[in-house]
Each structure stands twice: as structure tokens, then as C-alpha cells.
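The working numbering puts the first residue of the sequence shown at 8, with every later residue one more than the last.
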Amino acid sequence: MTDTTQDAEFSASIDRAVEVLAGRKIAVLTGAGVSTDSGIPDYRGKGAPTRTPMTAQQFLSSADARRRYWVGSHLGWKVFAAAQPNDGHRALADLESAGVANGVITQNVDGLHVRAGSGRVVELHGTMRRVGCLQCGQVFDRRDLAERVEADNPWIRLPENVELGPDGDVTPASADGFVVPTCSVCGGTLKPDVVFFGEYIPVEKFREAEQLVHTSEALVIAGSSLVVNSGIRLVERARRRRLPVVIINRGETRADRRATVKIDGSTSDVLRAFAERLPGLL
8 MTDTTQDAEF SASIDRAVEV LAGRKIAVLT GAGVSTDSGI PDYRGKGAPT RTPMTAQQFL
68 SSADARRRYW VGSHLGWKVF AAAQPNDGHR ALADLESAGV ANGVITQNVD GLHVRAGSGR
128 VVELHGTMRR VGCLQCGQVF DRRDLAERVE ADNPWIRLPE NVELGPDGDV TPASADGFVV
188 PTCSVCGGTL KPDVVFFGEY IPVEKFREAE QLVHTSEALV IAGSSLVVNS GIRLVERARR
248 RRLPVVIINR GETRADRRAT VKIDGSTSDV LRAFAERLPG LL
């Protein structure tokens with residue numbers, strides 16, 4: 008297939024999606040692929056590194072595991088926090104401002120939708136912006152905690168070429184001697200406000216996502232392979248209500264056969280095209 012043919016098919020798929028979405032209020036579900044243009048790698052995209060993320064059970068049951076986690080999490084978070092919203096994030100904020108999108112449901116923990124200006128964001132898997140105490144419930148801003156980490160561990164430095172993961176973590180060469188941050192109120196165990204592997208999405212958070220889909224007339228999925236069950240469950244909610252489903256993703260997803268339109272391409276490019284064309288079709 009020639010590049011010209013591919014370009015023509017890509018443009019035609021965008022045209023079909025715009026026709027399907029025209030005049031409808033849409034809910035948007037995003038995954039890691041939306042943030043790749045901001046320098047944050049995808050979990051499962053082509054060329055993605057093999058990852059062995061720490062489970063909630065490991066984190067809670069082992070002081071050594073928590074030490075390893077916090078070293079890698081701190082180093083990765085500094086790079087993670089420096090990432091900027093890309094045009095896909097901004098396009099979704101524009102769609103919301105124009106009254107086309109009801110909001111964004113995201114599987115990402117990077118906070119880039121909020122920073123891009125989206126007003127209604129359901130963060131299914133939590134956010135790296137906050138850290139909570141598992142004992143007393145006190146919540147801390149991650150930036151403040153980062154200052155404490157560096158004050159207690161002055162040797163720690165951000166490597167020039169750190170290998171960043173989608174959750175803002177890296178694999179540290181060594182965690183020896185690292186002072187793990189604890190709650191400044193009660194001395195309890197701190198945990199980032201994210202859903203670890205082995206944990207369930209809070210019921211109230213998923214209900215909020217369901218409600219957003221329920222009050223919409225179409226569902227757009229951007230940058231998610233839908234391997235995580237929460238995404239498939241939302242697709243099923245839309246399918247039961249016979250809502251059009253548009254999927255934008257590089258490569259296959261678990262719901263391609265259920266999609267009204269599937270677009271294989273850059274989420275940033277497609278979402279910007281939607282932001283330019285859909286508001287005029289309300």
C-alpha cells in the first residue's frame with residue numbers, strides 16, 4: 008500500500024467519524040497513547056519496553072519493596088511532571104469548551120488533561136499529583152513531598168537519560184540508603200493516589216465514568232488498546248445504549264469489531280481534526 012493510499016484512507020476514516028459524531032454530545036475515554044506525543048511512553052504500543060510494575064500487595068507487604076518503589080517513583084516523577092500537554096489534550100479541552108464533549112474519562116495518571124484545560128476529567132486510575140497516608144488519610148501535594156524526599160536524600164539526582172514509564176516511574180539501579188517518606192502527621196505509610204496493579208478502581212469513580220457515558224450520545228476512545236477491563240466495560244455500556252463508538256488508536260484494540268469507525272493513526276492529529284470540524288456541526 009502506497010503512502011498516498013494510506014493518507015487517503017486515513018482522511019476518509021476521519022470523514023466517516025465526523026459524519027457519525029456530527030450533532031452529538033460525546034464522551035471521551037483516553038489511554039496512554041494520548042500522551043505519547045508529550046514524551047510519555049505507551050504501555051503496549053509498538054516498541055514499548057517490557058514492564059514488571061509493582062503490585063499493591065508487594066508495596067504494602069514489604070518495606071524493601073516500598074523503598075525500591077519510592078526511589079524509582081521519585082526519579083521518574085520529575086521527568087513525568089515536566090511533560091507538557093500535547094495538541095490532542097488541547098483539542099479535547101477545545102471540544103469541551105465548544106459544547107461538543109461532555110468530558111474526558113482517562114486511564115492515565117499524568118494529569119495532562121487537567122493541565123490542558125479540560126474541566127470535567129474522570130481519572131479512573133487516580134493521579135500522581137497527590138499522595139495519601141494509608142493510616143490517617145492525610146493528603147499531600149506530590150511537589151511538596153518531592154522536596155521532602157530530596158531533603159532527606161540529598162544524594163539523589165535525576166539521571167540525564169532516565170527511562171520513563173507510563174506511570175511516571177523508573178527502575179532504580181539501587182535503593183540502598185534511601186529514606187522512605189512517611190506521613191508528617193502520624194508517621195504512617197504513604198502511597199500515591201493511583202490504582203496499583205492488583206487494586207480495583209474505586210466504585211464511585213467508575214460510576215462517575217458510567218454517568219458521563221450515560222449522558223452522552225457517542226463514545227470516542229483515543230489512545231487505548233482497551234486491555235484494561237474498565238475500558239471494555241464502558242464500551243459495553245455504550246453498546247447497550249446503541250451509541251456510536253469511534254476508536255482512535257495505533258494498532259488493534261479489544262473493541263475494534265464493536266467500533267462504528269476505527270481510525271488507525273495519531274490521536275493528536277485526529278482529535279485536532281475533530282476540534283476543528285465538529286463544533287460547526289452542532
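The C-beta atom is built at its ideal place from N, Cα and C for all residues, glycine as well.
Assigned secondary structure, residue i (DSSP; H/G/I helix, E/B strand, else coil)
i: F203; result: coil
i: L141; result: coil
i: T147; result: It should be noted that the sequence gives Phe, not Thr, for residue 147. Reduced to three states, the DSSP call for F147 is strand.
i: R136; result: strand
i: L36; result: strand
i: A108; result: strand
i: A262; result: coil
i: I208; result: coil
i: T43; result: helix
i: E243; result: helix
i: I21; result: helix
i: N168; result: Because the pLDDT at N168 is just 42, under 50, the model does not fix this residue reliably, and the point stays unresolved.
i: L226; result: strand
i: V78; result: helix
i: V129; result: strand
Other residues of its chain near residue i: CB distance less than 8 Å, five sequence neighbours each side excluded
i: A63; result: F203, F204, G205 and E206
i: A72; result: M61, Q65 and F66
i: I208; result: L131, H132, V202 and S237
i: E167; result: Reliability fails at E167, whose pLDDT of 48 lies under 50, so the model's placement of it is uncertain and no value is given.
i: T189; result: G195, T196 and L197
Beta carbon of residue i nearer than 8 Å to that of residue j
i: W77; j: A153; result: no
i: G139; j: K198; result: yes
i: D44; j: G95; result: yes
i: L285; j: A70; result: no
i: V111; j: V25; result: no
i: L241; j: A280; result: no
i: T196; j: L141; result: yes
i: I254; j: S20; result: no
i: V192; j: D159; result: no
i: R244; j: V220; result: yes
i: V27; j: V277; result: no
i: A282; j: D101; result: yes
i: G46; j: A90; result: yes
6 Å CB neighbourhood of residue i in its chain, flanking five on each side removed
i: L233; result: I239, T260, R261 and A262
i: V41; result: G95, A229, G230 and T274
i: V146; result: R137 and G139
i: E224; result: R31 and K32
i: P305; result: The shown model of the chain, from 8 to 289, leaves out residue 305, and the question about it has no answer.
i: V227; result: I33, V35 and V253
i: R155; result: P188
i: G272; result: F17
i: R4; result: Summary: the structure shown does not reach residue 4, with the chain confined to residues 8 through 289, and so no result is reported for it.
Close beta carbons around residue i, own chain, < 7 Å, minus the five adjacent residues each side
i: E157; result: I163
i: V128; result: G110, V111, T113, H120 and V121
i: V169; result: Confidence in V169 is poor, its pLDDT being 48 and thus under 50, which makes the residue's placement too unreliable to answer from.
Residue i Cβ short of 7 Å to the ligand MN heavy atom set
i: R75; result: Absent from the structure shown: the ligand MN. Ligands present: none.
Strand pairing of residue i, partner residues [DSSP]
i: E189; result: Going by the sequence as given, residue 189 is Thr instead of Glu. Paired residues: T196.
i: E217; result: For E217, which the question treats as bridged, DSSP gives no partner whatsoever.
i: T62; result: F204
i: I254; result: I228 and K269
i: T113; result: T37 and E130
CB contact below 8 Å: residue i versus chain D
i: V227; result: In summary, chain D is missing from the structure at hand, where a single protein chain is found.
Three-pair Cβ contact test at 8 Å for the stretch 150-164 versus the stretch 122-135: no
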